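Numbering (full-length UniProt numbering), first residue to last: 1 to 95. Glycine included, C-beta positions come from ideal geometry on N, C-alpha and C. Predicted model only: the values in this text are computed from it and were never measured. Here is the structure we will look at, set down as structure tokens.
Right, here's the structure in full:
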């Protein structure tokens, strides 16, 4: 998924159903989103992390997972569909 000036990139899966592991593009942060079993990986542009809604999501993630357990990828305990809608709204209001 590419949104509004490439602020959000959704990781594509390889032919074997696994996500391709490549370094994050410059200016993007890998974010794993989901609660329970369903999780998806997104590349989110750093500009979006300034938005108050993203700040709240990051605070929730820190409360649930702590700061020591992120291991190079941010984990956000949020419904994937809600996260996608929220990113779309933020990125369209930022452009």
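Neighbour-count burial assignment, residue 48, 16 or more Cβ in a 10 Å radius: buried
Same chain, Cβ closer than 6 Å to residue 51, five either side skipped, listed in chain order: 90
Status (buried if at least 16 other CB within 10 Å, exposed otherwise) for residue 31: buried
Nearest-angstrom beta carbon gap, residue 44 and residue 87 [assumed within contact, 8 Å]: 7 Å
DSSP state of residue 50 mapped onto helix, strand, coil: helix
Classification of residue 76 by the beta-carbon crowding that lies within 10 angstroms, buried from 16 upward: buried
Separation of residue 68 from residue 60, as counted between CA atoms: 14 Å
Straight-line Cα distance separating residue 83 from residue 63: 18 Å
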